[in-house]
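Residue numbers for the sequence shown follow the working numbering, beginning at 24 and rising by one.
Worksheet: the structure to be examined is printed underneath.
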Amino acid sequence: MFKNIVVLLDNSDYSLWSLDRSMELAKEFQSTLVGSHAYAAKLHEVRFTQMEPGLPEKYQKPEELQKQREIHGTLIEKGLAIISDSYLDVFQTKCQEQSLPFKRKMVEGKNYSVLVKDIKESSYDLVAMGVLGQGVVPTSQVGGVTERVLRRVKTDTLIAKNDVPLRGGHIVVGIDGSHESYAAMETAIVFAKQMGCKLTAIAVFDPDFHYKVFNNIAQVLSEEAGNIFRFKEQEKLHDEIIDSGLEKIYRDNLELAVKMAEDAGLKKGHGMEAEVLAGKPYDEILKWVKDKNIALLMLGKTGVHCDEGLDIGNNTEILFRNAPCNLFVTSRKFKPAAVQHDEVEIEWTVEAR
């Protein structure tokens, strides 16, 4: 499933947690781990040049400035390469201790940019990285490199937020009916079967949105505009049909996910559960996972309402920032076979005909 896993390293706790999770997967799927670190020597050269006017007077002579530039440039380039090597030494030692195949990789340049370039040009099946890096402060939610990489790549991505092991852990999958969410479910099923994980699929529909919209519209529509829009009839339609219809859609979506699991040999009630929640999707999922020690929250990168220009869906982005657990985000697509239901005769209104 994951032939090559690239782990983005900076020796922070978060990146080492991502390495731990990657090693779990590599053991299970006979993967090769690629430890990658980016360093920006040229950035430091530019900064040094910008700081030259503030150097003491004895360094302001042209020949002395040039000498200092050369010394600084050599020290920075060699020093950053040594630091990168040291990060990769830690990676190599961990891999060797577990007898896992590995490769080392260093790339020079603007960190997120060269990492994205390498990911796009390589045949990685999974990108693993920490949600934060060495620049973390108390108000940090996500790291700049992590966010920029996640937005720009289509490779499956694991984002580590803690040290909860995957093997034997509890996996949660968000199902919204998109092919990406079913791809997340497909992977979750493999994890559940091969790594002994408990699996819960969750679908969330929002029954309150239309009420809020209609209350807002009622405050601005004139009586004439309300008659043209047939406001009262539309409101009644939403109350009686659309909101309950939304719930049915999401229950059907979840039923497809359950069928995928059952077809793969999992059984509902025996290590696999499914729940429909009502509310704002990201909010309900955040409340659901709180205090449950979830090993992995698995999501489609975009949802059922995405268009071609969208890099990440709203719910996935908010969960990326706020969920307390490790995340798995996929851009892959999977279309499950439809569940067959008995046909129900629908009585149409005159207007519908």
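For every residue, glycine included, the Cβ atom is placed at its ideal position computed from N, Cα and C.
Remember, predicted model here, so these are calculated numbers, not experimental data.
- prompt: Grouping DSSP H, G and I as helix and E and B as strand, with all else coil, what is L289?
  reply: Of the three classes helix, strand and coil, the one that applies to L289 here is coil, per DSSP.
Cβ neighbour criterion (16 or more within 10 Å) applied to G219: Here G219 is exposed, its C-beta having fewer than 16 other C-beta atoms within 10 Å.
task: Pick out whichever of P124, G58, A183, G197 has its Cα sitting closest to the Cα of V130.
output: Checked all of P124, G58, A183, G197; the closest Cα to V130 is G58.
Helix, strand or coil at M283 according to DSSP, with G and I counted as helix: For M283, the three-state secondary structure derived from DSSP is helix.
message: Please tell me whether L350 and L309 are closer than 9 Å, where the distance is taken between their beta carbons.
response: No, these two residues do not count as a Cβ contact at 9 Å.
query: Based on the DSSP output, what are the partners of R44 in its beta bridges?
result: Paired residue(s): none; R44 is not in a bridge.
query: Count the other CB atoms within 10 Å of the CB of N134; is the residue buried (16 or more) or exposed (fewer)?
result: Counting Cβ neighbours within 10 Å, N134 comes out buried, since at least 16 surround it.
message: With H, G and I counted as helix, E and B as strand and the rest as coil, what does DSSP make of S59?
response: Strand, per DSSP.
task: Put L114 into one of helix, strand or coil per three-state DSSP.
output: Note that residue 114 is Phe in the sequence shown, not Leu. F114 falls in the helix class under three-state DSSP.
task: Below 8 Å on the Cβ atoms is my guess for T180 versus V352; work out the distance and round it to an integer in Å.
output: Right, the Cβ-Cβ distance comes to about 5 Å (below 8 Å), so this counts as a contact.
message: Considering just the uninterrupted stretch of the beta strand (DSSP E) at A346, what are its terminal residues?
response: Neither: A346 is in no beta strand (DSSP E) and is coded neither H nor E.
message: Considering only their Cβ atoms, is the gap separating K324 from G336 smaller than 9 Å?
response: By the CB criterion at 9 Å, G336 and K324 fall inside the cutoff.
Beta-carbon gap between L342 and F214 smaller than 9 Å: Against a cut-off of 9 Å, the Cβ pair of F214 and L342 comes out as no contact.
- prompt: According to DSSP, is I28 helix, strand or coil?
  reply: Reduced to three states, the DSSP call for I28 is strand.
message: Tell me which residues share the same chain as G294 and place their Cβ nearer than 6 Å to its Cβ, disregarding the 5 neighbours each side in the sequence.
response: Shown here for G294: same chain residues with a beta carbon closer than 6 Å to its own, the five before and five after excluded, namely K221 in chain order.
- prompt: Around the C-beta of A360, are 16 or more other C-beta atoms found within 10 angstroms, so that it is buried, or is it exposed?
  reply: By the 10 Å Cβ count, A360 comes out exposed.
- request: Tell me A151's beta-bridge partners as DSSP assigns them.
  value: The partner list for A151 (beta bridge, DSSP) reads V30, L181.
message: For A211, report the span of its alpha helix (DSSP H) as first-last.
response: First-last of the alpha helix (DSSP H) with A211: 202-218.
field: Cβ-Cβ separation, N27 to Y147 (assumed contact under 8 Å), whole Å
entry: About 5 Å separates the two Cβ atoms, so the contact holds.
- request: May I ask which residues mark the beginning and end of the beta strand (DSSP E) holding K128?
  value: Start and end: 125-131.
- prompt: Taking the C-alpha atoms as reference points, what is the distance between A346 and V165?
  reply: A direct Cα-Cα distance of roughly 11 Å separates A346 from V165.
task: Using beta-carbon positions only, say whether S38 and M208 come within less than 9 Å of one another.
output: Going by C-beta atoms, S38 is not nearer than 9 Å to M208.
query: Of all the alpha helix (DSSP H) runs that stay within the bounds of the segment 296-340, which reach a length of 4 or more residues?
result: Whole alpha helix (DSSP H) segments, 4+ residues: 304-312.
- prompt: Taking buried to mean at least 16 other C-beta atoms within 10 Å of its own C-beta, is I105 buried or exposed?
  reply: With fewer than 16 neighbouring CB atoms inside 10 Å of its own CB, I105 falls in the exposed class.
message: My assumption, with CB atoms under 8 Å, is that V195 sits in contact with I272. Please give the rounded CB distance.
response: The beta carbons of V195 and I272 sit about 20 Å from each other, so the pair does not count as a contact at 8 Å.
- prompt: Leaving out the 5 sequence neighbours to the left and right, which residues in its chain are closer than 6 Å to R376 when beta-carbon positions are compared?
  reply: With a pLDDT of only 41 at R376, under the threshold of 50, the placement of this residue in the model should not be trusted, and no figure is reported.
- prompt: Based on the DSSP output, what are the partners of T223 in its beta bridges?
  reply: Bridge partners of T223: V195, E296.
message: In the DSSP assignment, the alpha helix (DSSP H) including K140 goes from what residue to what residue?
response: Where K140 is concerned, the enclosing alpha helix (DSSP H) stretches over 134-144.
- prompt: What is the residue span of the alpha helix (DSSP H) that R174 lies within?
  reply: Run containing R174: 167-175, per the alpha helix (DSSP H) assignment.
query: According to DSSP, is F357 helix, strand or coil?
result: In this structure, F357 counts as coil in the three-state DSSP scheme.
Neighbourhood of S41 by C-beta distance below 7 Å, restricted to the same chain and skipping five residues each side: These residues qualify, in order along the chain: V30, A151, M152, G153, L181, A183.
- prompt: How many angstroms separate the CA atom of E170 from the CA atom of D306?
  reply: Rounded to the nearest angstrom, the two C-alpha atoms are 20 Å apart.
field: Rounded C-alpha distance that separates L289 from V281
entry: Those two C-alpha atoms are separated by around 9 Å.
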